[in-house]
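Chains as they are written, first to last, in our numbering: chain A, 1 to 473; chain B, 474 to 946.
Every residue, glycine too, gets a C-beta built ideally from N, C-alpha and C.
All values reported here derive from a predicted model rather than from experimental measurement.
2 protein chains.
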Amino acid sequence: MNAPLSNELLPPFEIRTLPPAMLAALSERFGARCTTAAAVCEQHGRDESPYPVTPPQAVVFCESTDEVAAVVALANQHGVPVIPFGIGSSLEGHLLAVQGGVSIDLSRMTRVVRLNPEDLTVTVEAGVTREQLNREIRDQGLFFPIDPGANATLGGMAATRASGTNAVRYGTMRENTLGLTVVTASGEVIRTGTRARKSAAGYDLTRLFVGSEGTLGVMTEITLKLYPLPEAVSAAICHFPDIAAAVRATIQIIQMGVPIARCELLDLNAVRAVNHQSKLSMREAPLLLMEFHGSEAGVKEQAETVQAITGEMGGEDFQWASTPEERTKLWTARHKAYFAGMQINPGCRTVTTDTCVPISRLAEIIEASVREADESKLPYYIVGHVGDGNFHLAYLVKEGDVEQRALAERLSLQMVQRAIALEGTCTGEHGIGLHKMGFLVDEAGAGAVEAMRTIKRALDPKNIMNPGKIFTL
Amino acid sequence: MNAPLSNELLPPFEIRTLPPAMLAALSERFGARCTTAAAVCEQHGRDESPYPVTPPQAVVFCESTDEVAAVVALANQHGVPVIPFGIGSSLEGHLLAVQGGVSIDLSRMTRVVRLNPEDLTVTVEAGVTREQLNREIRDQGLFFPIDPGANATLGGMAATRASGTNAVRYGTMRENTLGLTVVTASGEVIRTGTRARKSAAGYDLTRLFVGSEGTLGVMTEITLKLYPLPEAVSAAICHFPDIAAAVRATIQIIQMGVPIARCELLDLNAVRAVNHQSKLSMREAPLLLMEFHGSEAGVKEQAETVQAITGEMGGEDFQWASTPEERTKLWTARHKAYFAGMQINPGCRTVTTDTCVPISRLAEIIEASVREADESKLPYYIVGHVGDGNFHLAYLVKEGDVEQRALAERLSLQMVQRAIALEGTCTGEHGIGLHKMGFLVDEAGAGAVEAMRTIKRALDPKNIMNPGKIFTL
């Protein structure tokens with residue numbers, strides 16, 4: 001079993017130089033939108049992972065696909081790495097310039113290019129965030145369900161195959177991306193997919209780029225599926241005597257085929273942190289935070305079924321949050337859990353696991369992981385998209401504390417070993433990045449990873465697209 | 474716009490020889506399960522496309538992944554093409570041995586390897602058919618929804634990214650394949666995906682192989698998502714004064730977000746053919762054949778909404794088929810439409826279109842296509858998975874009638890041009906095969922097709938995996 005890559009274990013990446021000729025060409029074309037200012041480079045050389053800042057040599061703020069293509073064409077000519085950057089909310093070191101190069105900041109590409117409410121599709125530029133998108137489509141009676149905790153960009157979400165709380169019903173970026181505009185490693189612009197709901201036309205390039213973490217191309221536009229806002233929405237909290245009971249209830253809900261829209265676990269520690277940060281007063285016990293979408297009657301029916309199940313599993317004080325305000329408050333609190341966890345432990349960084357297992361094995365892996373976490377004495381909390389079999393155990397380690405970090409990484413490794421043994425995955429939604437490269441080999445096998453490498457070498461022969469992520473060549 | 478490849482237009486494929494040493498090695502390992510008998514080779518050199526039989530030089534009946542790997546390893550050593558074969562129900566020439574080689578018949582690989590009802594997953598060998606699978610899981614209260622008309626193998630369905638009548642609710646093979654066992658071009662065995670519902674672990678090899686039509690590897694085992702049998706199922710027929718009204722009703726149903734499970738269009742000609750073949754007495758008018766899945770109350774509610782919509786759109790005599798027997802009879806008739814069309818026009822082969830467009834453009838493309846078809850005087854019928862924006866206009870051309878065939882191909886080309894202009898695809902579910910290679914370039918663009926070629930060359934450097942399909946190298 002391959003250990004995760006912590007700072008000390010990062011392979012000895014070779015930093016490539018940024019030739020003055022390329023910098024001059026970038027400056028000529030982009031003016032002040034190309035910068036080598038240390039503060040800007042440092043801001044682009046970090047994410048929410050516990051790795052130290054690893055800045056690029058320059059940052060270019062692009063405003064169109066053509067501009068991205070121009071940067072990549074220059075990078076290709078000079079053999080310089082490019083790293084696409086959205087808002088920097090990655091958790092696995094995706095954005096670190098481990099081989100130097102240019103960060104392509106897409107955060108100014110915020111146009112909703114085309115909304116087709118009648119087809120339930122939208123095309124957005126890569127820098128549009130999920131919250132912006134939902135604001136812009138709400139008055140059409142539509143929404144886009146995928147919601148990682150952060151207000152990430154759609155480009156970043158596509159790049160990491162993100163999901164979040166609604167995936168149990170609506171799927172992930174994999175299921176909801178219909179097509180892409182991609183700048184390839186040569187600086188050429190290609191389009192994948194169409195606005196049709198399905199297609200059997202050739203290789204599924206859309207899904208090859210989704211989840212490729214910037215290593216095969218830069219996605220500049222994304223065509224997404226949208227959904228009609230449900231006629232009725234209802235959210236509920238249910239407390240449980242212990243995590244195991246909450247997980248058993250979840251398993252039952254899924255096995256019964258209840259089309260639940262969200263089914264989130266918070267352990268005692270997460271509840272405490274969220275209460276603290278969001279000034280809520282939820283009872284301090286493990287809970288499931290659930291949401292139901294459908295017609296009035298459908299929501300009522302789902303909720304009754306779920307209430308019966310949670311009751312049987314020892315669930316207590318099933319509480320409704322039916323007004324939009326109450327719901328928003330609860331879900332905002334849930335989405336802030338990551339920062340709440342850090343706030344309650346000042347000076348800490350998180351080492352977050354992201355395992356996802358077949359639903360019947362969920363209780364088993366969570367119970368074992370909780371036992372280990374308790375024994376470790378490290379502060380931790382658990383939040384989970386448990387309806388998918390996916391959960392995050394976040395260890396809080398003091399910044400710079402090598403021993404704590406090593407302990408957290410060891411526990412993370414053990415959990416991944418367990419998930420793989422249970423036929424699950426080391427990452428449900430965060431991606432591989434730098435951190436999980438070792439795990440990928442354990443999970444997929446050397447042959448499958450070699451197939452990935454072969455594709456990478458073929459599509460990016462100079463290894464300039466976010467090199468050093470997912471695998472080393 | 475690139476014309477479709479009809480017989481005369483097939484590129485001049487070079488037939489590679491099958492070296493005696495390879496045949497000897499195959500015979501030694503497989504005995505009578507390796508054959509060069511003309512009848513068997515001919516049976517493996519055809520499908521349901523209108524192309525003439527193009528037999529492989531040998532057929533090997535494999536019974537395990539290891540056996541497939543052994544055949545591919547030999548083929549790799551000798552530079553000989555291999556063509557995976559299930560039941561031969563392809564519509565686009567996928568199975569024709571245009572460069573010679575060995576047909577790998579997987580139809581004896583019919584084991585359900587592992588059923589995990591508690592996780593709603595199953596792993597099957599590639600030769601299991603959709604009907605076999607559903608028979609074997611029914612007593613667990615489960616079903617697998619994807620149903621192309623033919624009783625195809627799951628391997629073939631994965632290879633062509635098949636869908637069928639239930640895709641509007643349950644998705645296609647793209648959404649329902651969790652993982653694969655694949656024999657790569659070197660004869661190595663790799664596994665992709667896991668049994669977890671989602672994963673962000675590296676490139677999505679599963680979806681790269683799904684829809685790759687045997688050109689990147691041979692899928693030997695497939696892990697699928699299953700669904701609980703709905704508590705209630707109800708089917709209904711509704712007739713319409715014309716196709717346009719039926720399509721407008723469909724558009725409305727989808728835009729309203731009704732979770733309809735099936736929404737199938739049959740035109741007057743299809744209704745006649747199906748009545749004739751299945752001894753039914755449906756009124757001879759365009760109709761929608763619909764199915765609703767859910768709880769008792771949910772099905773009732775969906776049906777009421779749909780009944781109101783169809784009423785507004787001029788739908789007449791909304792008829793229920795609530796008993797399982799009636800439903801089975803209707804859907805069996807629907808699935809036989811392809812053969813019914815041929816039976817009513819003896820001595821004919823079909824040239825079938827497969828365009829899929831954004832739902833709002835569906836009425837437009839069907840109306841124009843019907844006008845053209847009527848003017849052509851060729852016999853034709855239309856069946857459509859219209860809830861997805863996908864429909865098939867099948868022209869019936871006399872076998873060997875070059876003029877009729879050319880006319881049908883020209884009309885097919887015009888329809889594809891229209892679909893692409895409407896941001897749709899040339900193939901919703903049948904794949905590219907030989908027939909739609911020209912269309913693929915028009916749809917995806919030369920750059921995207923070149924990216925596909927680059928992947929193909931990298932993963933199959935000797936071009937032995939079903940060569941000459943999807944694109945030429």
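- Query: So which residues of chain B does residue 358/A contact, with C-beta pairs closer than 7 Å?
  - Reply: Per Cβ cutoff of 7 Å: 589, 592, 594, 668 and 669.
- Residues from the region 301–328 of chain A in contact with chain B, defined by Cβ distance under 8 Å: Identification of residues in the region 301–328 of chain A having a C-beta nearer than 8 Å to some C-beta of chain B yields 301, given in sequence order.
- Message: Between residue 246/A and chain B, is any beta-carbon pair separated by less than 9 Å?
- Response: No, residue 246/A lies away from the interface with chain B (no Cβ there is under 9 Å from its Cβ).
- Message: Just to confirm the assignment, what range does the alpha helix (DSSP H) spanning residue 269/A have?
- Response: Run containing residue 269/A: 268–278, per the alpha helix (DSSP H) assignment.
- Query: Interface residues of chain A around residue 560/B at Cβ under 8 Å?
  - Reply: Against chain A, the beta carbon of residue 560/B has no neighbour under 8 Å; the closest one sits roughly 18 Å away.
- Message: Using a 10 Å radius around the Cβ and a threshold of 16 neighbouring Cβ atoms, would you call residue 404/A buried or exposed?
- Response: A buried status is given to residue 404/A, since no fewer than 16 other beta-carbon atoms sit within 10 Å of its beta-carbon.
- Should residue 707/B and residue 795/B be called a contact, given that it needs their Cβ atoms to be closer than 9 Å? Their beta carbons are under 9 Å apart, which means residue 707/B touches residue 795/B by this criterion.
- Item | Buried/exposed call for residue 176/A, threshold 16 Cβ in 10 Å | Using a 10 angstroms sphere on the CB of residue 176/A, the tally of other CB atoms reaches 16 or more, which defines it as buried.
- Using a Cβ-Cβ cut-off of 9 Å, state whether residue 908/B counts as contacting chain A. Nearest CB-CB separation between residue 908/B and chain A: not below the 9 Å threshold.
- Query: Would you call residue 328/A buried or exposed, if buried means 16 or more other Cβ atoms sit within 10 Å of its Cβ?
  - Reply: Its Cβ having fewer than 16 others within 10 Å, residue 328/A is exposed.
- Tell me whether the beta-carbon of residue 104/A lies closer than 9 Å to the beta-carbon of residue 218/A. Their beta carbons are under 9 Å apart, which means residue 104/A touches residue 218/A by this criterion.
- Task: With a 10 Å radius around its C-beta and 16 neighbouring C-beta atoms as the bar for buried, classify residue 76/A as buried or exposed.
- Result: With 16 or more other Cβ atoms within 10 Å, it is buried.
- Indicate the three-state DSSP secondary structure (helix, strand or coil) for residue 885/B in the structure shown. Correct three-state label for residue 885/B: helix.
- Item | 3-residue-minimum beta strand (DSSP E) runs that sit fully inside the region 358–405 of chain A, ordered along the chain | Taken in chain order, the unbroken stretches of beta strand (DSSP E) that lie wholly in the region 358–405 of chain A and span 3 residues or more are 380–385 and 390–398.
- Message: On the criterion of 16 or more Cβ atoms from any shown chain inside 10 Å, does residue 672/B qualify as buried, or is it exposed?
- Response: Buried.
- What did DSSP end up calling residue 66/A once you bin it into helix, strand or coil? Three-state DSSP puts residue 66/A in a helix.
- Excluding the 5 residues preceding and the 5 following residue 112/A in the sequence, name in chain order all residues of the same chain whose CB lies nearer than 6 Å to its CB. So the list reads 124 and 136, once near-sequence residues are dropped.
- Query: What are the partner residues of residue 789/B, as DSSP defines its beta bridges?
  - Reply: Per DSSP, the beta bridge partners of residue 789/B are 712/B.
- Do we get a CB-CB distance below 9 Å when we pair residue 256/A with the residues of chain B? At a cut-off of 9 Å between beta-carbon atoms, residue 256/A makes contact with chain B.
- Message: Between which residues of its own chain and residue 592/B is the CB-CB distance below 7 Å, once the five residues before and five after are set aside?
- Response: Contacts found: 668.
- Query: Would DSSP call residue 51/A helix, strand or coil?
  - Reply: Coil, per DSSP.
- Item | Distance between residue 654/B and residue 664/B (C-alpha atoms, nearest Å) | Residue 664/B and residue 654/B have their C-alpha atoms spaced approximately 5 Å apart.
- Query: What is the DSSP secondary structure of residue 290/A, counted as helix, strand or coil?
  - Reply: Correct three-state label for residue 290/A: strand.
- Return helix, strand or coil for residue 426/A, following the three-state DSSP convention. Annotated three-state conformation of residue 426/A is coil, per DSSP.
- Task: Determine, using beta-carbon pairs with one atom in the region 693–701 of chain B and one in the region 615–622 of chain B, whether at least three such pairs fall under 8 Å.
- Result: Yes, the region 693–701 of chain B is in contact with the region 615–622 of chain B.
- Between the C-alpha atoms of residue 423/A and residue 677/B, what's the straight-line distance to the nearest angstrom? If you take the alpha carbons of residue 423/A and residue 677/B, they lie about 17 Å apart.
- Message: When you compare the region 509–516 of chain B with the region 618–637 of chain B, are there three or more beta-carbon pairs, one atom per stretch, that lie closer than 8 Å?
- Response: The region 509–516 of chain B is not in contact with the region 618–637 of chain B.
- Item | Identified DSSP bridge partners for residue 100/A | Residue 100/A is bridged to 98/A.
- Can you give me the start and stop residues for the alpha helix (DSSP H) that residue 641/B sits inside? Its alpha helix (DSSP H) spans residues 640–643.
- Message: Which residue wins for smallest C-alpha separation from residue 115/A, given the options 106/A, 221/A, 64/A and 70/A?
- Response: The shortest C-alpha separation from residue 115/A is found at 221/A.
- Message: Using a 10 Å radius around the Cβ and a threshold of 16 neighbouring Cβ atoms, would you call residue 334/A buried or exposed?
- Response: Answer is buried; the Cβ neighbour count reaches 16.
- Residues from the region 436–449 of chain A in contact with chain B, defined by Cβ distance under 8 Å: Here the close residues are 436, 439, 440, 443, 444, 445, 447, 448 and 449.
- Please classify residue 189/A: does DSSP put it in a helix, a strand, or coil? Of the three classes helix, strand and coil, the one that applies to residue 189/A here is strand, per DSSP.
- Item | Top-ranked residue by Cα proximity to residue 107/A, from 129/A, 387/A and 389/A | Nearest of 129/A, 387/A and 389/A to residue 107/A, Cα basis: 129/A.
- List the residues of chain B whose Cβ lies closer than 7 Å to the Cβ of residue 297/A, in chain order. What residue 297/A touches in chain B: 770 and 774.
- Query: Is the Cβ-Cβ distance between residue 470/A and residue 437/A less than 9 Å?
  - Reply: Going by beta carbons, residue 470/A and residue 437/A fall inside the 9 Å limit.
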